[in-house]
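A.B. asks: Every letter in the sequence shown is one number past the one before it in my numbering, and letter 75, counting from 1, is 106.
Yeah, the Cβ is synthetic: ideal placement off N, Cα and C, and Gly gets one too.
The model shown is predicted, which means the values in this text are computed figures rather than measured ones.
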Amino acid sequence: MRRISLTLPDEVYNALEELAEKMRIDNRSRLIADIIMAHSVSVLEEEKKYAGSIVILYDHSRGETVYAVTDLQHDFPEVHASLHMHLGEDLCVEILAVKGEGKRLRCLLAKLREVSGVITVQYTVVPI
C-alpha cells in the first residue's frame with residue numbers, strides 16, 4: 032500500500048466530507064480509493080474481464096424496443112441473466128447480469144443505447 036498526500040479546494044473537500052458522512056464511511060482513504068476504482072472501471076479496458084450489471088430504462092409502449100432489447104440479450108453470450116421490472120404503464124427497467132471482456136461489454140452497451148425507445152443505459156461492473 033502507498034501513502035500519498037492530497038490537496039483539495041475547500042468545496043471539493045466539503046463534498047468529500049459530505050459524501051463520507053452520507054455513506055457512513057469514516058476512512059477517507061477507503062472512500063477515495065473506492066471512488067477511483069469505480070471511475071477507472073467505467074472506462075472498460077478492451078481485454079480485461081468484468082462482471083456486473085447493466086440497467087436499461089425504456090418505453091414499453093414501443094413494441095419494437097422490447098424485441099430489440101431481447102434480441103441483443105440473445106446475441107451476446109456475455110448476458111447471463113435478466114430481471115424485468117414494470118415502472119408504470121409505459122416504462123420498464125431491464126437489469127442484465129453480465130460477464131465478459133471490456134470490448135464486448137462496450138459493444139453491447141453501444142447497441143443498447145442505439146435502440147429506439149431506450150431512455151437510458153447505465154452499468155456497474157467490477158474487474159475479475
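I need the straight-line Cα distance from Leu143 to Arg33, nearest angstrom please.
C.D. replies: Residue numbering aside, residue 143 sits at position 112 when the sequence shown is read from its first letter. Residue numbering aside, residue 33 sits at position 2 when the sequence shown is read from its first letter. Going by the C-alpha atoms only, they are around 39 Å apart.
A.B. asks: Using 8 Å as the threshold, is the region 41-60 in touch with the region 68-83, meaning 3 or more CB pairs across them?
C.D. replies: The region 41-60, when compared against the region 68-83, does not touch it at the 8 Å Cβ threshold.
A.B. asks: Could you check where the beta strand (DSSP E) with Lys130 kicks off and where it finishes?
C.D. replies: Numbered from its first residue, the sequence shown carries residue 130 at position 99. First-last of the beta strand (DSSP E) with Lys130: 122-132.
A.B. asks: Spatial neighbours of Ala99 within its chain, please: C-beta separation below 7 Å, excluding the five flanking residues on both sides.
C.D. replies: Locating residue 99 in the sequence shown gives position 68, where the first residue counts as 1. For Ala99, where only same-chain residues beyond five positions count, the Cβ hits under 7 Å are Val146.
A.B. asks: Anyone know if the C-beta pair for Val124 and Leu140 falls short of 8 Å?
C.D. replies: For the purposes of this step, residue 124 is taken as the residue at position 93 of the sequence shown. For the purposes of this step, residue 140 is taken as the residue at position 109 of the sequence shown. Their beta carbons are not under 8 Å apart, which means Val124 does not touch Leu140 by this criterion.
A.B. asks: Which of helix, strand or coil does DSSP assign to Val156?
C.D. replies: Taking the first residue of the sequence shown as position 1, residue 156 is located at position 125. Of the three classes helix, strand and coil, the one that applies to Val156 here is strand, per DSSP.
A.B. asks: Tell me the DSSP secondary structure of Gly92 in three-state form.
C.D. replies: The residue given as residue 92 occupies position 61 in the sequence shown. The sequence shown places Ser at residue 92, not Gly. It is coil, neither helix nor strand.
A.B. asks: Please report the distance separating the alpha-carbon of Tyr44 from that of Leu37.
C.D. replies: Against the sequence shown, residue 44 aligns to sequence position 13. Against the sequence shown, residue 37 aligns to sequence position 6. In a straight line, the C-alpha of Tyr44 is about 10 Å away from that of Leu37.
A.B. asks: Where do the N-terminal and C-terminal ends of the beta strand (DSSP E) with Val110 fall, by residue?
C.D. replies: Here the question's residue 110 lines up with position 79 in the sequence shown. Counting along the chain, the beta strand (DSSP E) containing Val110 begins and ends at 110-117.
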